[in-house]
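K.L.:
Let me give you the structure first, and then I'll get to my questions.
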Ligand SMILES: [Zn+2]
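Numbering (my numbering), first residue to last: 1037 to 1426.
Okay, structure coming up:
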């Protein structure tokens, strides 16, 4: 082999060994794209039943704190779900009370110190319609079909389904009151509930999953901030949403478990700023996210369309959209997606080892080929076939 060829081969081999780790990274990316389809055939969520709940709730009249409509709603929620342990969480509000409904589902094993996943929605409807075109009616309460009833509707279906799932952790349902009252909605029910939690309870909560305004036929759910991106505990939950939505065909151009090409419903790469009932949870250290569509109605802009108007009626709420959100939450429960990975620290260690191995796999070939190359060059110089330029 002539010296020139030796030098070129040496350079080529060096180049290949340097390029190789890039390919390894690509493979790793492909692996994370593999869908989890477990349990997808067993999904129980019934969007039509959820949609009937929306009509039922709106039919009760405005669900203002302390109203008969509010207590009728809570009564029916409790009566329909006897496998749950329900508590009314009552706090003073203006000249009446606000009432959160807190339900606990405990698996039959009856073990203590189980992880907790919380499903939450506000059940009050707004006391005013400040965005309505009719100026004479801006101080009247809105129907709240999407803003209020849609979230409760999704939770009423999940309350029926959870006891059938054979879960090994607790599920809590929280229906908050007084989220949407007054000039600026103040999330008073959620704040009061969050502030009453003990540190032990907070530590046991793996996920607080809020649903609000998720009935729009033109459903678009983006990642919500706060929480800020990079907060590992909430990024974990958004990653889970992304994975589940991908499996269900709700992420644009991603092939779903059924082989169909995904549609653009969930996009965790888009950000919407939203202050909602999840914020008081974040403030006490509970990992919390909000599934919400802040563009209510066809071609609506952010916080536009039918939002906070008298047009927020049951005919604007779609059973299909309720199903999409219901499926994300139900599949997440079935797959254990909302739980912290107890082996996380172990995984991190394995990750670090893999990284070290990858680094070594780059260094060894370089060292080997440098050695071989250097030997060949030395050999060449000794034989007078290689000259360095001066
Ligand atoms: Zn609202």
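All C-beta atoms in this analysis are idealised placements derived from N, C-alpha and C, irrespective of residue type, glycine included.
Would residue 1382 be called buried (16 or more neighbouring beta carbons within 10 Å of its own) or exposed?
P.N.:
Taking the first residue of the chain shown as position 1, residue 1382 is located at position 346. Because the pLDDT of residue 1382 is 47, which lies under 50, any placement of that residue in the model is unreliable, and the number read from its coordinates should be weighed accordingly. Answer is exposed; the Cβ neighbour count stays below 16.
K.L.:
Candidates 1202, 1276, 1299 and 1214: which alpha carbon is nearest residue 1254's?
P.N.:
Taking the chain shown and counting its residues from 1, the one referred to as residue 1254 is at position 218. Looking at the Cα atoms, 1299 is the closest of the given residues.
K.L.:
Residue 1253 by DSSP, collapsed to three states: which one?
P.N.:
The count along the chain shown starts at 1 and reaches residue 1253 at position 217. It is coil, neither helix nor strand.
K.L.:
Looking at C-alpha atoms only, which residue of 1325, 1126, 1348 and 1116 is the closest neighbour of residue 1434?
P.N.:
Absent from the model: residue 1434. The displayed extent of the chain is 1037 to 1426, so no value can be given.
K.L.:
Indicate whether residue 1231 and residue 1101 have their beta-carbon atoms separated by less than 8 Å.
P.N.:
Taking the first residue of the chain shown as position 1, residue 1231 is located at position 195. Taking the first residue of the chain shown as position 1, residue 1101 is located at position 65. No, these two residues do not count as a Cβ contact at 8 Å.
K.L.:
Would you mind giving the Cβ-Cβ distance between residue 1310 and residue 1330, rounded to the nearest angstrom? I have them listed as a contact below 8 Å.
P.N.:
For the purposes of this step, residue 1310 is taken as residue 274 along the chain shown, with counting starting at 1. For the purposes of this step, residue 1330 is taken as residue 294 along the chain shown, with counting starting at 1. About 6 Å separates the two Cβ atoms, so the contact holds.
K.L.:
Is residue 1099 near ligand 1, judged by its Cβ being under 7 Å from some heavy atom?
P.N.:
Taking the chain shown and counting its residues from 1, the one referred to as residue 1099 is at position 63. Incorrect: residue 1099 has no Cβ contact closer than 7 Å to ligand 1.
K.L.:
Identify which residue in 1286, 1338, 1289 and 1271 has its Cα closest to the Cα of residue 1376.
P.N.:
By one-based count along the chain shown, residue 1376 stands at place 340. Residue 1376 has its Cα closest to that of 1271, out of 1286, 1338, 1289 and 1271.
K.L.:
Is it true that the CB of residue 1087 sits closer than 8 Å to the CB of residue 1196?
P.N.:
As a position in the chain shown, residue 1196 is number 160, starting the count at 1. As a position in the chain shown, residue 1087 is number 51, starting the count at 1. For residue 1196 and residue 1087, no; Cβs fall outside 8 Å.
K.L.:
Name the DSSP beta bridge partners of residue 1248, please?
P.N.:
The count along the chain shown starts at 1 and reaches residue 1248 at position 212. The partner list for residue 1248 (beta bridge, DSSP) reads 1328.
K.L.:
May I ask you to report which of helix, strand or coil DSSP gives residue 1308?
P.N.:
In the chain shown, counting from the first residue as 1, residue 1308 sits at position 272. Correct three-state label for residue 1308: strand.
K.L.:
Give the DSSP-derived three-state secondary structure of residue 1125 in the structure shown.
P.N.:
Mapped onto the chain shown, residue 1125 falls at position 89. In this structure, residue 1125 counts as strand in the three-state DSSP scheme.
K.L.:
Less than 8 Å separating the beta-carbons of residue 1365 and residue 1150?
P.N.:
In the chain shown, the residue the question calls residue 1365 occupies position 329. In the chain shown, the residue the question calls residue 1150 occupies position 114. Their beta carbons are not under 8 Å apart, which means residue 1365 does not touch residue 1150 by this criterion.
K.L.:
Quick one: what's got a C-beta closer than 8 Å to residue 1352's C-beta in the same chain, skipping five residues either side?
P.N.:
On the chain shown, residue 1352 is found 316 positions in, with the first residue counted as 1. Correct list, in chain order: 1181, 1182, 1251, 1252, 1253, 1332, 1333 and 1342.
K.L.:
Could you please give the first and the last residue of the uninterrupted beta strand (DSSP E) stretch that includes residue 1195?
P.N.:
Residue mapping note: residue 1195 aligns to position 159 of the chain shown, counting from 1. That residue, residue 1195, is in no beta strand (DSSP E); its alpha helix (DSSP H) goes 1186 to 1197.
K.L.:
From 1192, 1350 and 1178, pick the residue whose C-alpha is nearest to that of residue 1113; which is it?
P.N.:
The residue labelled residue 1113 in the question sits at position 77 within the chain shown. The option with the nearest alpha carbon to residue 1113 is 1192.
K.L.:
Are at least three pairs of beta-carbons, each pair with one atom in the stretch 1203 to 1213 and one in the stretch 1159 to 1166, less than 8 Å apart?
P.N.:
Counting Cβ pairs under 8 Å, three or more are found: they touch.
K.L.:
Could you name the residues of the same chain whose beta carbon sits closer than 7 Å to that of residue 1144, not counting the 5 residues immediately before and after it, in chain order?
P.N.:
Along the chain shown, read from residue 1 onward, the residue named residue 1144 stands at position 108. Taken in chain order, the list of residues that qualify is empty.
K.L.:
Taking the straight line between their C-alpha atoms, what separation do you get for residue 1372 and residue 1106?
P.N.:
Along the chain shown, one-based indexing puts residue 1372 at 336. Along the chain shown, one-based indexing puts residue 1106 at 70. Each residue's Cα considered, the two are about 33 Å apart.
K.L.:
For residue 1272, is the beta carbon positioned less than 7 Å from some heavy atom of ligand 1?
P.N.:
Along the chain shown, read from residue 1 onward, the residue named residue 1272 stands at position 236. No, the Cβ of residue 1272 stays beyond 7 Å of every heavy atom of ligand 1.
K.L.:
State the beta-bridge partners of residue 1341 as determined by DSSP.
P.N.:
Residue mapping note: residue 1341 aligns to position 305 of the chain shown, counting from 1. 1332, per the DSSP bridge assignment.
K.L.:
Using a threshold of 8 Å, state whether the C-beta atoms of residue 1094 and residue 1189 are closer than that.
P.N.:
As a position in the chain shown, residue 1094 is number 58, starting the count at 1. As a position in the chain shown, residue 1189 is number 153, starting the count at 1. It is not a contact, given that the beta carbons lie outside the stated cut-off.
K.L.:
Taking the C-alpha atoms as reference points, what is the distance between residue 1312 and residue 1201?
P.N.:
As a working mapping, residue 1312 is identified with position 276 in the chain shown. As a working mapping, residue 1201 is identified with position 165 in the chain shown. Answer to the nearest angstrom: the Cα atoms are 29 Å apart.
K.L.:
What residues in its chain sit with their C-beta under 6 Å from that of residue 1363, if we drop five residues either side in the sequence?
P.N.:
On the chain shown, residue 1363 is found 327 positions in, with the first residue counted as 1. Here the set comprises 1079, 1081 and 1284.
K.L.:
Taking only runs that begin and end inside the stretch 1128 to 1174, name each unbroken beta strand (DSSP E) of 3 or more residues, in chain order.
P.N.:
Entirely contained in the stretch 1128 to 1174, the beta strand (DSSP E) runs reaching 3 residues are, in chain order, 1132 to 1141 and 1152 to 1158.
K.L.:
Once DSSP output is grouped into helix, strand and coil, what is the label at residue 1114?
P.N.:
The residue given as residue 1114 occupies position 78 in the chain shown. In this structure, residue 1114 counts as helix in the three-state DSSP scheme.
K.L.:
Give the range of the alpha helix (DSSP H) segment to which residue 1356 is assigned.
P.N.:
By 1-based counting over the chain shown, the position of residue 1356 is 320. First-last of the alpha helix (DSSP H) with residue 1356: 1355 to 1371.
K.L.:
In chain order, what residues of the same chain lie with their CB nearer than 6 Å to the CB of residue 1142, ignoring the 5 residues before and after it?
P.N.:
Reading the chain shown from its first residue, position 106 is the one you call residue 1142. These residues qualify, in order along the chain: 1206.
K.L.:
Would DSSP call residue 1209 helix, strand or coil?
P.N.:
Position 173 of the chain shown, counted from the start, is the residue given in the question as residue 1209. Reduced to three states, the DSSP call for residue 1209 is strand.
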